[in-house]
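These protein sequence lines map, in sequence, to chains A and B.
For the first sequence, the residue numbers in the working numbering are 595 to 1033.
For the second sequence, the residue numbers in the working numbering are 3 to 283.
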Amino acid sequence: MSGHSNYEPKTGFERWLDVRLPIVRLAYDSVVDFPTPKNLNYWWTFGGILAFCLGIQIVTGVILAMHYVPHVDYAFASVERIMRDVNYGWLVRYMHANGASMFFVAVYVHIFRGLYYGSYKAPREVLWILGCVIYLLMMATAFMGYVLPWGQMSFHGAVVITNLFGALPVVGPSITTWLWGGFAVDDPTLNRFFSLHYLLPFMIAGVVILHIWALHVPGNNNPTGVNVKSKADTVPFHPYYTVKDGFAIAVFMLMFASFVFFNPNALGDAVNYVPANPLVTPAHIVPEWYFLPFYAILRAVPNKLAGVLGMFGAIAMLFVLPWLDTSKVRSMRYRPTAKLYFFIFVATCLVLGFCGGRLPDDHVIPKLTTFTLLDADLNSMVWLSRIAATYYFAYFLLILPILGLTETPLPQPESISEPVLSHSANAPAGAAASPEKRG
Amino acid sequence: MLRKGIALAALGLAIIATPAMAATTHAEPKDMHWSFEGPFGKFDQGQLQRGYKVYREVCSACHSMNLMSFRNLGQKGGPFYDEKYKNPNDNPYVKAIAKDYQVNDIDSETGDVVQRPGTSADKFPNPFPNEPAARASNGGALPPDLSDMAKARELGPRYIYSILTGYEDAGPNMTVPPGKHYNPYMPGDMGAFWKGSAATIPEGGFIAMPPPLVADKVTFDDGTKATLDQEAKDVVAFLVWASEPKMEERKSFGLAAMIYLLIFTGLLYVSYKRIWRNVSH
């Protein structure tokens, strides 16, 4: 999509088409001839895996929509009819339900890869922000999709999440009524969620095109974080990365299939197989696993509005990250201190997810009751969430800005080929040059 | 530094493994096993037939199964599936079972409500005409629909088996309200009903359903001895089948899919190695 094109139309038809709509040229330049760093590791295959996930969700979703009935009286039964009476309906529905989880597994790996290798830094800020937009759209889509089977957790999850907007001052109650299409979560809510759940994936697909466009302007980042210097640093995307991504997608499909065929309900909540009943609240309302870290941040704050702001702030951090990290070195391979803080950050996100799945007053260490300060029980999930949430925000607002100014990075290689062609033991002296000369 | 990160992540996982404490408690379901477990597990057709008999003669007096039709009993993998009758509607067992029930219909000539014998296409009849009627007959409690029961509870099969076989007398320290029954596997908070010391509050809660199964409650057609354990195991198998009637199809399809994917993955790996063999990276 940028730079010089090496496409040469071979047939008469291609030449005819090329001067009218150079679509074959576009495809050739983007996915065949595109120069890609030759040192990308398996963490880079998750972009392709995510495209595969989006495709699966759209195809299975379109089929499910042929059989689904978006009405409070029929939604649950229509999903069960898909499972019981539609030919291979169980396959389509389990692929779609587990596909959502697989999509989030892949997107979290993809995001953490970007964080570790500094893929958000100049000149890839727009690429990164478009990725954050995709992530937000994914969360909205997944949330509304989970409401559609109209089980107990669907209904009560929808009540909890839509009520969050009620915490906003002045406009909150009006926004909530507007979201519901009435004065409670009911048939209009289900209908608009179904409509939007069908719309948003195509918006995701649109932003994915922008995301790939923004990728193809500066080209891929790579594990060294060092810019591509010459043609020796790259290989054409096809066949080198089509086959590598293809292999990774196949491995991912094995994992995906093991859930769909042998453990299809492991990632869901059993309570959602009970039809929605507004009069009976489940003992423990929890969102799907991929929302748990944000749910923990929400509950860590005693004030509802502050909790909502904290939850959205946690996502907002990602959007402004390119301007929070002051380090000129992209890859954390050459930032040993930052690397340590990064792995603590990953662990923090896992701890937040763990806390989000438990009751706030549950003990972290069972049967230990003496760990109290004034009237606060520090051995509780809510306090663990508070500590973890503090680190989450500190990582973005304190650690990354300060560390970039104070740390001494390790020497970076001169080019991508250099650490490959001559291993660090016999590296030329130039390799140890000061890092700030590169960006 | 990487090691420290891994150690922290391991600590996180260690914390996840610890059980939760809450006011609502229940006993850990009994460790039971069935033929349908695991990636190759299949239903035992004889057990499904016995389980259906328990459901029809005991459970169906109060519990509906709104998602089930008689034809389901004769479909592939079902309790009365017979290879001779690929179309379950033609299955003589299924027809005979359906005919035993009288279902409401509209007389197409007069428009009057009439009763006619059931057909394979009819749904399992609901024991009560509506929810208030169900509650009125059960001391205010609503017997839940059993169609999805085995997947609507954590550890479904083990949970149902434990409830059915787990009724016990908690002794004189417990005040059991009228119309209720103590069951340690039912989630609940017994604090308010316990006269003994706070440290010995029993796990579990009250359930409105009286103990539904006792030995010899049904007579199995295949001569299997109808112990409480046998009846409970069999009806659980039937309920698991009813929750996931396509489980066997899913697993056999899955086996083929996994073999296909493994070969496909292997071929891609070889291609990957071959294409990259001359690139130092």
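Positions of the beta carbon are idealized from the N, C-alpha and C atoms, including for glycine.
On a predicted model such as this, the values are computed, not experimentally measured, just so you know.
Could you pull the start and end residues of the alpha helix (DSSP H) that residue i belongs to?
i        : result
Pro159/B : 158-167
Val914/A : 898-918
Thr783/A : 781-810
Val703/A : 683-710
Ser117/B : Strictly speaking, residue 117/B in this sequence is Gln, with Ser absent from that position. Here Gln117/B belongs to no alpha helix (DSSP H); instead the beta strand (DSSP E) covers 115-119.
Val829/A : Run containing Val829/A: none in the alpha helix (DSSP H); it sits in the beta strand (DSSP E), 828-830.
Pro134/B : 133-139
Thr630/A : Thr630/A -> not in any alpha helix (DSSP H); beta strand (DSSP E) instead, spanning 629-631.
Glu251/B : 249-277
Gly998/A : 994-1000
Ile203/B : First-last for Ile203/B: undefined, no H or E at that position.
Ser245/B : 230-245
Just how far apart, CA to CA, sit residue i and residue j?
i         : j        : result
Arg279/B  : Arg619/A : 28 Å
Thr605/A  : His810/A : 27 Å
Leu967/A  : Ser974/A : 12 Å
Gly862/A  : Asn692/A : 8 Å
Lys88/B   : Ile843/A : 38 Å
Gly725/A  : Met847/A : 23 Å
Asp623/A  : His791/A : 33 Å
Gly225/B  : Ala194/B : 46 Å
Thr735/A  : Leu658/A : 15 Å
Ala1021/A : Val880/A : Summary for Ala1021/A: the model assigns pLDDT 43, below 50, so the residue's position carries little reliability, and this model does not support an answer.
Leu230/B  : Lys898/A : 51 Å
Val220/B  : Glu59/B  : 7 Å
Thr942/A  : Gly775/A : 38 Å
Glu30/B   : Tyr161/B : 9 Å
Ala761/A  : Ile755/A : 11 Å
Asn600/A  : Val801/A : 27 Å
Met34/B   : Asp107/B : 43 Å
Is residue i buried or exposed, if buried means 16 or more other CB atoms sit within 10 Å of its CB?
i         : result
Pro960/A  : exposed
Leu999/A  : exposed
Asn635/A  : exposed
Trp917/A  : exposed
Glu1012/A : buried
Glu602/A  : exposed
Gly819/A  : buried
Met660/A  : exposed
Asp667/A  : exposed
Thr1002/A : exposed
Met151/B  : buried
Ser164/B  : buried
Phe126/B  : buried
Ala239/B  : buried
Arg893/A  : buried
Tell me the residue span of the beta strand (DSSP E) that contains residue i.
i        : result
Phe208/B : 207-209
Asp107/B : 104-108
Pro94/B  : Unbroken run through Pro94/B is the alpha helix (DSSP H), 94-101; no beta strand (DSSP E).
What residues of chain B sit near residue i, judged by a beta carbon separation below 7 Å?
i        : result
Gly776/A : Residues of chain B passing the Cβ test: none, with the nearest at roughly 23 Å.
Asn859/A : Lys153
Trp684/A : Lys248, Arg252
Ala851/A : Gly256, Ala259, Met260, Leu263
Val741/A : Going along chain B, no residue has its Cβ under 7 Å from Val741/A, so there is no contact; the nearest lies around 18 Å.
Val868/A : Ala154
Val625/A : The contacting residues do not exist; Val625/A stays about 16 Å from chain B at best.
Val829/A : Val281
Can you tell me which residues form a DSSP beta bridge with residue i?
i         : result
Ser1011/A : Ser1011/A pairs with nothing; no bridge assigned.
Trp196/B  : Met176/B
His183/B  : Ile209/B
Gly745/A  : Pro869/A
Gly190/B  : Thr27/B
Thr966/A  : Asp971/A
Along chain A, which residues have their Cβ under 7 Å away from the Cβ of residue i?
i        : result
Ile277/B : Pro833, Tyr834, Val837
Phe266/B : Ala844
Pro41/B  : Phe856
Thr26/B  : Ala877
For residue i, return the contacting residues in chain A, with the cut-off set at a CB-CB distance below 9 Å.
i        : result
Ala273/B : A small fix is needed here, since residue 273/B is Ser in this sequence, not Ala. Within 9 Å Cβ-Cβ: Pro833, Val837, Gly840, Phe841.
For a contact defined as C-beta to C-beta under 8 Å, what are the partners of residue i on chain A?
i        : result
Leu270/B : Val837, Gly840, Phe841, Ala844
Phe255/B : Leu685, Phe855
Gly158/B : Ala864
For residue i, which residues in chain B fall below 8 Å Cβ to Cβ?
i        : result
Leu848/A : Met260, Leu263, Leu264, Thr267
Arg678/A : Leu69, Asn74, Pro247, Lys248
Run down chain D in chain order and give the residues with a C-beta less than 8 Å from the C-beta of residue i.
i        : result
Glu674/A : Protein chains A and B are contained in the structure displayed, whereas chain D is not.
List, in chain order, every chain B residue whose beta-carbon is nearer than 9 Å to that of residue i.
i        : result
Val753/A : Within chain B, no residue comes near Val753/A; the closest Cβ sits about 20 Å away, beyond 9 Å.
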